Amino acid sequence: MTINAVGSPGTASHSTTVTFTFSALDFSITSSSPADFNRGATGNSTITITPIGNFVGTVTLTTTVSPSTGLTANCPATLIVTSGAVTGTCSPTSSTPGIFLVNVTGTGGGHTHSAIFISHVGDFSISTTSPTSVAGSLLNSTITLTGTENFAGSIALTATIPTGLSCGGFSGSPVSLASNGTATSTLSCSSTVAGTFVVAISSAGSPGNASHPATATFTFTDFTITATSPAPVNAGVSTTSTITISALNGFTGTVTLTDTVPSGLSCGAITPSAITGGSGTATASCTATIAGNYILTLTGTNGSLTHSAAASFRFQDFTIIASSPAPVNVGNSTSSTVTVASVNGFNGTVTFSITTPFGLNCGTITPANVTGSGSATVSCSATLAGNYTATIAGTSASLNHSALATFVFRDFAISTSPTSVTAVAGNAATSAITVTGLNGFAAVVTLATNSTSCNVTPNSVTGSGGSTLSCTFAASGVIHVTVTGTSASLSHSATITFTVQDFTLTASPTSVVVDAGAAGTSAIAVTSLQGFSGLVNLATNSTACNVTPISVSGSGSSTLSCTFASASTVHITVTGTSGSRSHSANVTYTVQDFTISANPTTVSVAVGQAGTATLTISAMNGFTGTVDFTSSASPAGLNSTTTPSSVTLGGSQNSTLTIRASTAGTYTVTVTAKNGSLAHNVTLTIVVSDRPLVSVVRGLDGGLYWNALSTTGSAAGWQSLGGSTPSAPALCQSGPGSLELVVRGMDNGIYHKSFTSGTWSSVWDSPGGATQDQPACAVLNGTLHIVVRGLDNITYANSMSLATVTWSGWISLNGLTPSSPVLVVTPSANRLDLLVRGMSSTIYHMALVNGNWSLSWDTPGGVTPDLPAAASEGTTLDLVVRGMDNGLWYNSFNFASGSWSNWQSLGGATLSTPTLAIGASGLHLVVRGLDNAVWHTTKTIGGPWSAAWDSPGGATGNTVAAVSVGSTLAVMVIGLDNSVYYNALAGSSWSTWTALGAAALAPIELSTLA
1 MTINAVGSPG TASHSTTVTF TFSALDFSIT SSSPADFNRG ATGNSTITIT PIGNFVGTVT
61 LTTTVSPSTG LTANCPATLI VTSGAVTGTC SPTSSTPGIF LVNVTGTGGG HTHSAIFISH
121 VGDFSISTTS PTSVAGSLLN STITLTGTEN FAGSIALTAT IPTGLSCGGF SGSPVSLASN
181 GTATSTLSCS STVAGTFVVA ISSAGSPGNA SHPATATFTF TDFTITATSP APVNAGVSTT
241 STITISALNG FTGTVTLTDT VPSGLSCGAI TPSAITGGSG TATASCTATI AGNYILTLTG
301 TNGSLTHSAA ASFRFQDFTI IASSPAPVNV GNSTSSTVTV ASVNGFNGTV TFSITTPFGL
361 NCGTITPANV TGSGSATVSC SATLAGNYTA TIAGTSASLN HSALATFVFR DFAISTSPTS
421 VTAVAGNAAT SAITVTGLNG FAAVVTLATN STSCNVTPNS VTGSGGSTLS CTFAASGVIH
481 VTVTGTSASL SHSATITFTV QDFTLTASPT SVVVDAGAAG TSAIAVTSLQ GFSGLVNLAT
541 NSTACNVTPI SVSGSGSSTL SCTFASASTV HITVTGTSGS RSHSANVTYT VQDFTISANP
601 TTVSVAVGQA GTATLTISAM NGFTGTVDFT SSASPAGLNS TTTPSSVTLG GSQNSTLTIR
661 ASTAGTYTVT VTAKNGSLAH NVTLTIVVSD RPLVSVVRGL DGGLYWNALS TTGSAAGWQS
721 LGGSTPSAPA LCQSGPGSLE LVVRGMDNGI YHKSFTSGTW SSVWDSPGGA TQDQPACAVL
781 NGTLHIVVRG LDNITYANSM SLATVTWSGW ISLNGLTPSS PVLVVTPSAN RLDLLVRGMS
841 STIYHMALVN GNWSLSWDTP GGVTPDLPAA ASEGTTLDLV VRGMDNGLWY NSFNFASGSW
901 SNWQSLGGAT LSTPTLAIGA SGLHLVVRGL DNAVWHTTKT IGGPWSAAWD SPGGATGNTV
961 AAVSVGSTLA VMVIGLDNSV YYNALAGSSW STWTALGAAA LAPIELSTLA
């Protein structure tokens, strides 16, 4: 038969076919059904074997499960029927949910019977909801549990919560399910941040081991808000912040925007005021009048969501201040320092301008602008005292600020009372001076006047005060006196007019020319000034003068008369006195005269020779007129004449006194010069000698000896000079009757003596220095010049004033010489000429002109083994040398052109240094011939040499000494026997040789006193 089974509740149904076999002994088998259980649990079905017909025996049970896998029936293998029914239990197990049909077949006694039970292996399903809401909300996920296959029991729920999510427990857990029932549980979670959180849920059924995982997704949305901080702007300028709303995790809500505005910041409405759709932007524009940093709080709200952002508004500005300088005096410039300070990072350019009140003069502000912070200066001045306020503005774009600088200028005023004063010359008059300080002026004002006749007392006032001007004027007139007050750069003046009365005193003429001893007059006039009418008493400063009358009232005249005994310029003062007033008039008297003088006043001449002196008549104070000369001599025996015998003066004039005596002696000549009553005398001493020549020789003992000779050879006798020399002496004429002697000492030092009026100086003086040869000397303009060859062969020069007997000091003339130098004087040309022989025997020349050596050598060329001989004709220097061939050669140097002529042979020959002597008749050349005799030839001044030679005979082995005395040529030689011999050429005739009774070493020095 077919059995249909239908489950309830539910729709499960099954059918099976049952075959019934009937026997006598049998059994039946039944099973309890269903035997349901949950997955992992154990079911229970009772198998009952019921004997039929007293069946006993063992019934073997076999099971068949359909489906064949997934369930284990766990039935007993046999049941033994002994009596009655027996039962056994099947305990099915399964881990696979589903419906299983278990067929239990019992076989025993040849019978087979089956029983079927159904096992529902229960399970359950789990599902969750995934809620979404904004962050901060509490979201609930519903967990739905549904039993299947008759599952019944409880389900325990557990959850794994991700970070960031906060959850409570499951509601109603564990959850009970009726067979195939449905139940729910709730999981509540929240998060403060936006995000999607997945919660892993585990479910475990009981009984059994059914479990299922599930996830619940919690979605939290949100938004962010940001706001830009705009770039800094100047105060007063509007600037905008952009507000950005950004959706988080799919946020789509509407965000309402609000702001919180700090004090000092002014903002417009946020545009737009709400952002829809979850994201978007809005703007907020703000401004501030005061520089600073302002924080604007911007808030976005959506339900419970509230977020804020801060926008920083930076408003920049600057401040400006100006210093008020210390007070200064008007006219001075003073400076204000303008300082700009950046506020809150201001870095703009501030341009300055200034507004000044009337009277204040300001320059430009320097610099004209500054960037950010900085300073500038402006200098201002005013010419009037006062307080001046200048407005100094600084502008940068829309910013404009200003500062005030106060400039204080001070001054003072000066006034006088009275402004006009009448005074008497010589008397003091006063006026009050008032100084008034202006605008706080408190400095010291120094008071001064423009007149040395005035003073102010006190001479300074501090701030304001008074002083007194007191003036005393020496002369009449209207005098404007200015009193000036000065304080630093300030200067103000006040003028006072003084009317001064007086008188004047004048002389006419003021210059009177009169001869000595004669009276000269001048008219004296007294003139009243400004109404003067007093009595003026007159007097002079000289006892040689008088005034007539001696007083004058008011205005009038008087006469000055003066007589002076000698020539002079006399300044006479006539003084007029009236009370304290005194005036003078000056008269200059030029008292004229003349003087007479002689040069020299001592004349030395030889007997029978003419001597001269120059008479100089000099006008004094412009004297003019003719002066006549007369002369007289004492004692008798001397004749004197003047040429010319009279001169006409207009300055200075000369006359020549010529004297001649036939007898030796000392004479006095008086010359009288006369003009009218004026007469003046000059007295001369005339020394007439019969021995006009002086010779100095070096004795055989090296000592120095001298002798005086006449032109005829008459000698006074040899006398020692003291001292010795290893070289020839040098003798030079220094004036009428005067000679200078210069020698080389035995120590090579240089020594000097003078000869005057027949007497040698008692001691030797020395300029120092040293020489290895004979010195050279010459006298020019009262100065003795010497030149020597130094120990180093260099040429040196020195000089001595004959008046003061002081040496100038040695100077080097440079140049080297192996011989003694030669000096020639030309007084008319004011020059000396120096000749030396160079180291190569060449002749060199240098000159001293107007007191200075040229220090430059020139040369005529030519060579010589000896010293050159030289003499001056006045315009020409004559030079004769012994040539290397022993011949005699001549050359000349022109002073004007500074050039040498050419060498000219004079014929003849010599073995020694030639000698030149200049005389009235011309130039004499005297030499030692090759035969040792003395030879002589002549040359006229400016003319040629004579071709003829003459000789006085004699014999010498050395240089001949020669000098001209008037028209006589005197010569001296040292004979071959070392004796000294003398001869003279008068006209064209030689005298005979005269032995002078001495033995000497050559050469000889011979000079004339004339």
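Numbering follows the numbering used here, with no gaps: position 338 of the sequence shown is 338. Ideal Cβ positions, reconstructed from N, Cα and C, are used throughout, including at glycine. Please read all numbers here as calculations on a predicted model, not as lab measurements.
Under the Cβ criterion (8 Å, minimum of three pairs), the segment 529 to 540 counts as touching the segment 552 to 560.
A direct Cα-to-Cα measurement between Ser-528 and Ser-580 gives close to 16 Å.
For the pair Leu-823 and Gln-774, the Cα-to-Cα distance works out to about 12 Å. Distance between Ala-429 and Thr-468, taken at the CA atoms: about 10 Å. Short of 6 Å from the beta carbon of Gly-147, and not among the five residues preceding or following it, lie these beta carbons of its own chain, in chain order: Phe-124, Leu-177, Asn-180 and Gly-181. Residue pairing from DSSP places Asn-814 in a beta bridge opposite Thr-795.
DSSP places Pro-357 in the coil class of the three-state scheme, outside both helix and strand. Here the alpha carbons of His-212 and Ser-31 stand approximately 33 Å from one another. When secondary structure is reduced to three states using DSSP, Ser-828 falls in the helix class. Looking at the backbone, the Cα of Ser-799 and that of Arg-789 are separated by about 15 Å. Looking at Thr-239, Thr-319, Ser-604 and Asn-347, the one whose alpha-carbon comes closest to that of Tyr-294 is Thr-239. Secondary structure at Asp-36: coil, using DSSP grouped into helix, strand and coil. Collapsing the DSSP output to three states places Asp-701 in coil. Within the segment 459 to 528, complete beta strand (DSSP E) segments of at least 3 residues are found at 460 to 462, 465 to 472, 477 to 487, 490 to 508 and 511 to 515, given in chain order. In this structure the segment 346 to 365 touches the segment 396 to 410; the number of beta carbon pairs closer than 8 Å is three or more. The Cβ-Cβ distance between Ala-115 and Ile-29 falls below 9 Å.
An exposed status is given to Ile-80, since fewer than 16 other beta-carbon atoms sit within 10 Å of its beta-carbon.
When secondary structure is reduced to three states using DSSP, Ser-604 falls in the strand class. Within the DSSP bridge table, the entry for Ile-295 names Ser-312 as partners.
If you compare the alpha carbons of Ile-270, Leu-298, Ala-288 and Ala-231 with that of Thr-260, the shortest gap goes to Leu-298. Excluding sequence positions up to five before and after Val-193, its CB lies within less than 8 Å of the CB of Ala-135, Gly-164, Phe-220 and Asp-222, all in the same chain and listed in chain order. Gln-592 and Ala-519 have their alpha carbons spaced roughly 12 Å apart. For Gly-907, the enclosing beta strand (DSSP E) begins and ends at 904 to 909. In this structure, DSSP gives Pro-174 a state outside helix and strand, which the three-state scheme calls coil. Thr-663 and Val-836 have their C-alpha atoms some 44 Å from each other. When the Cα atoms are used, Gly-477 and Gln-530 turn out to be separated by approximately 8 Å. Taken atom to atom, the span from the alpha-carbon of Ala-869 to that of Thr-601 is near 33 Å. In the three-state scheme derived from DSSP, where H, G and I count as helix and E and B as strand, Val-587 is classed as strand. The Cβ-Cβ distance between Gly-622 and Val-513 falls below 9 Å. Short of 6 Å from the beta carbon of Gly-88, and not among the five residues preceding or following it, lie these beta carbons of its own chain, in chain order: Ile-47, Pro-76 and Leu-79.
Here His-480 is exposed. Its C-beta has fewer than 16 other C-beta atoms within 10 Å. With a cut-off of 8 Å on Cβ pairs, the segment 713 to 728 is in contact with the segment 762 to 776, counting three or more such pairs. Counted as a single uninterrupted DSSP element, the stretch harbouring Val-193 is not any beta strand (DSSP E), since DSSP gives it neither H nor E. At a cut-off of 3 residues, the continuous stretches assigned as beta strand (DSSP E) that sit fully inside the segment 629 to 665 are 638 to 643, 646 to 649 and 652 to 661. Comparing alpha carbon positions, the residue from Ser-899, Asn-932, Ser-892 and Gly-953 closest to Lys-939 is Ser-892. For Pro-1003, the enclosing beta strand (DSSP E) has its first and last residue at 994 to 1008.
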